[in-house]
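First up is the structure itself, then whatever we jot down about it.
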Amino acid sequence: MTNVTHELDLGDTGFDEFDDGDSTRCTWNECVCTETPTHYVVFAEHAGGGDAQLFCARHYVLTLAKLIELHLPECSGGADDHVLRYGSLAE
């Protein structure tokens, strides 16, 4: 039995292989979202670098809802222990 390896050429996918941090897309990590960010959240684990995660309006709401509805009821910490800052990029 012979193993054969095929290599697929997918061409240009339009996604940068190396993100330099200047993304203009929503950073929702559940799936790819190409919407323009309108809101930000700075989580405590990113406090040292001061990095804000940028989200479109839909994923901003889902991110905060996931924290409030799913994580906080099971966690001994409060919202202030998890999120340092949040809001609209327009402000």
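Everything in the sequence shown is counted per this note's numbering, starting at 1 for the first residue and increasing by one.
In this text, a Cβ means the ideal position worked out from N, Cα and C, and glycines have one as well.
Based on Cα-Cα distance, which residue from TYR86, LEU84, TYR60, THR38 lies nearest to ASN29? TYR60
Under three-state DSSP, which class holds VAL32? coil
What is the rounded straight-line gap between the Cα of LEU62 and the Cα of HIS39? 12 Å
Would LEU67 pass as a contact of HIS82 if the rule is Cβ separation under 8 Å? With a cutoff of 8 Å on beta-carbon distance, LEU67 and HIS82 are scored as near each other.
Bridge partners for ARG85 per DSSP, in chain order? Beta-bridge annotation (DSSP): ARG85 is paired with VAL42.
Of the residues VAL42, CYS31, LEU70, ASP80, which one's Cα is nearest the Cα of SER88? Nearest to SER88 by C-alpha distance, out of VAL42, CYS31, LEU70, ASP80, is VAL42.
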